[in-house]
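Here you go:
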């Protein structure tokens with residue numbers, strides 16, 4: 006997988022530079038998300054790998070799939086990816102593009118795990134606290150994990166803030182046994 010990411014990086018960086026120059030980061034983000042989903046589909050991957058179909062035929066299908074998101078720049082990008090037989094890289098390209106976009110926009114994604122359903126007000130309050138702590142805009146995704154017993158666990162990149170009852174019990178157990 007590391008090799009695929011290494012090969013995908015120049016494509017993602019080129020797409021990002023072009024998106025930034027044309028002031029269309031969100032448009033590129035949407036287009037790459039659709040292309041990534043297409044590349045993950047087994048039938049689409051089989052179609053793209055089939056030697057019976059040319060790169061221009063695969064490109065036409067992807068452009069139809071994108072609809073209005075298929076700007077001339079995106080179409081040229083698809084052509085470059087397909088001419089190099091890099092269709093399978095599209096998910097990695099999209100992932101790397103999103104990382105570059107997050108850095109540019111000073112945003113981070115926080116995955117919040119809660120023992121119980123959180124209200125919108127609770128999520129916003131936690132989001133506000135995280136934005137102050139990380140000095141960045143925070144986007145959130147929330148999931149319910151009953152095994153936490155109570156509280157929340159927040160994951161932002163490699164940082165984990167465990168304020169759950171289960172986490173506190175595990176920490177207490179570790180202190181008592183050492």
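Numbering (our numbering), first residue to last: 6 to 183. Backbone N, C-alpha and C define an ideal beta-carbon position, used for all residues, glycine too. Keep in mind it's a predicted model, so treat the numbers as computed, not measured.
- Following the DSSP letters along the chain, one finds residue 145 inside the beta strand (DSSP E) bounded by residues 142 to 149.
- At least 7 Å separates the beta-carbon of residue 113 from that of residue 166.
- As DSSP reads the structure, residue 118 sits in a beta bridge with 148, 158.
- With respect to the 7 Å criterion, residue 122 and residue 74 are not classified as neighbours on the basis of their beta carbons.
- Bridge partners of residue 112 according to DSSP: 142.
- According to DSSP, residue 164 shares a beta bridge with 161.
- Taking residue 158 as the centre and dropping the five residues before and after it, the same chain places the C-beta of 118, 167, 169 closer than 6 Å to its C-beta, in chain order.
- Minimum Cα-Cα distance from residue 116 among the listed residues 141, 164, 172 corresponds to 164.
- Along the region 16 to 90, the alpha helix (DSSP H) occurs as fully enclosed runs of 4 or more residues at 30 to 45, 47 to 54, 60 to 71, 77 to 88, listed in sequence order.
- As the crow flies, the alpha-carbon of residue 52 is around 19 Å from that of residue 37.
- Excluding five sequence positions before and after residue 44, the CB atoms of its chain that fall closer than 7 Å to its own CB belong to 50, 92, 93, 95, 96, given in chain order.
- In the DSSP assignment, residue 169 is bridged to 156.
- Taking a contact to require three or more Cβ pairs closer than 8 Å, the region 15 to 27 and the region 80 to 92 qualify as touching.
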